[in-house]
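A.B. asks: Read in order, the letters of the sequence shown correspond to residues -21 to -1, 1 to 143 in mature numbering (1 follows the signal peptide of the UniProt record, and there is no 0).
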Amino acid sequence: MGSNFTITLVLLAAIACLSEGCCPEGFIQVGNRCYHYNSDKVDWHDAHRACEGLGAHLVSIHNYEDSREVYALWKSLVDESYVNYLHRTYWIGLHDVQNENNFEWSDGTPMDYSLWHPSQPNNYGGEDCVAPFNYGSNDFDKQRWHDHGCRNRKPYFCRRSATS
Ligand SMILES: [Ca+2]
């Protein structure tokens, strides 16, 4: 029973890999996308470089489904009740490092959607890098974005396409 179950899982993974492409080791496959979560807290630029080193980019978010996908993954990987609220967050690829208040995605995709917290972005003290704050009473509010100082250290999510 146990080994049959394992064989079934391996076969299912192989079928998913054939139909939607495969993810490199260390990535989690969701459809044709590969996610890499790193709980090590680093500043935004180091997170950006780390993703590029893996052939990926910090995640970009273009609709609520994208946001929910990343957030659901994060919830499955992190024990929310265990971490301090300051650590219940992760870098995404959005920044206004080049030009203040001109937000861009580090993967070069268009800025065509936003999920800011109502009071954000406020550039408080010169904040140019973006992370969901994971603060609030419901899953929607917890996905809303805040601008943060790029030198703050946070876990991060990289994403790349699955390869066939
Ligand atoms: Ca800013």
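The beta carbon of each residue, even a glycine, is placed where N, CA and C say it ideally should be.
1. Do Tyr92 and His41 have their CB atoms nearer than 7 Å?
2. Please list the segments of the alpha helix (DSSP H) lying wholly inside the segment 65 to 120, counting only runs of 4 or more residues, in order along the chain.
3. For ligand 1, enumerate in chain order all residues having a CB closer than 7 Å to any of its heavy atoms.
4. Please name the residue, chosen from Gly5, Val57, Tyr43, Leu37, that lies closest to Leu94 on a Cα-to-Cα basis.
5. Counting beta carbon pairs with one atom in the segment 10 to 17 and one in the segment 126 to 139, are three or more of them shorter than 8 Å?
6. Any contact of the segment 69 to 81 with the segment 102 to 110, i.e. 3+ C-beta pairs under 8 Å?
7. Based on the DSSP output, what are the partners of Ile7 in its beta bridges?
8. So, under 8 Å CB-CB, Phe6 and Cys(-5) are touching, yes? Tell me the CB distance rounded to an integer number of Å.
9. Since I believe Glu(-2) is in contact with Ala141 (beta carbons under 8 Å), could you give me their beta-carbon distance rounded to a whole number of angstroms?
10. Once DSSP output is grouped into helix, strand and coil, what is the label at Val57?
11. How far does the beta strand (DSSP E) with Cys2 in it extend, from its first residue to its last?
12. Excluding the five sequence neighbours on either side, which residues of its own chain have a C-beta within less than 7 Å of the C-beta of Gly10, listed in chain order?
13. Taking DSSP as the reference, what is the three-state secondary structure of Val21?
14. Mind reading off the beta-carbon distance from Tyr69 to Ala110? Whole number of angstroms is fine, and I expect it under 8 Å.
15. So Ser140 is in the beta strand (DSSP E); what residue range does that whole segment cover?
16. Just mark His127 as buried or exposed, buried being the case when its beta carbon has 16 or more other beta carbons within 10 Å.
17. For the beta strand (DSSP E) that His127 lies in, which residues bound it at each end?
C.D. replies: The answer reads as follows:
1. The residue you call residue 92 lines up with position 113 of the sequence shown. The residue you call residue 41 lines up with position 62 of the sequence shown. The answer is yes: Cβ separation under 7 Å.
2. none
3. Asp75, Glu79, Asn80, Pro100, Asn102, Gly105, Glu106, Asp107, Asp126
4. Reading the sequence shown from its first residue, position 115 is the one you call residue 94. Out of Gly5, Val57, Tyr43, Leu37, Tyr43 has the C-alpha closest to the C-alpha of Leu94.
5. yes
6. yes
7. Within the sequence shown, residue 7 is the residue found at index 28, counting from 1. Answer is Tyr14, bridged to Ile7.
8. Counting from one through the sequence shown, the residue named residue 6 turns up at place 27. Counting from one through the sequence shown, the residue named residue -5 turns up at place 17. Actually they are not in contact, since the Cβ atoms of Phe6 and Cys(-5) sit about 12 Å apart, beyond 8 Å.
9. Against the sequence shown, residue 141 aligns to sequence position 162. Against the sequence shown, residue -2 aligns to sequence position 20. Yes, they are in contact, since the Cβ atoms of Ala141 and Glu(-2) sit about 6 Å apart, within 8 Å.
10. Translated into the one-based positions of the sequence shown, residue 57 becomes position 78. Coil, per DSSP.
11. The sequence position of residue 2 within the sequence shown is 23, counting from 1. Cys2 -> no beta strand (DSSP E), and no H or E assigned at all.
12. For this step, residue 10 is matched to residue 31 along the sequence shown. Same-chain partners within the cutoff: Glu(-2).
13. For the purposes of this step, residue 21 is taken as residue 42 along the sequence shown, with counting starting at 1. Three-state DSSP puts Val21 in a strand.
14. Reading the sequence shown from its first residue, position 90 is the one you call residue 69. Reading the sequence shown from its first residue, position 131 is the one you call residue 110. Confirmed, Cβ separation roughly 6 Å.
15. Position 161 of the sequence shown, counting from 1, holds the residue named residue 140. Where Ser140 is concerned, the enclosing beta strand (DSSP E) stretches over 133 to 140.
16. The count along the sequence shown starts at 1 and reaches residue 127 at position 148. Its Cβ being crowded by 16 or more others within 10 Å, His127 is buried.
17. Indexing the sequence shown from 1 puts residue 127 at position 148. Note, His127: beta strand (DSSP E), 124 to 127.
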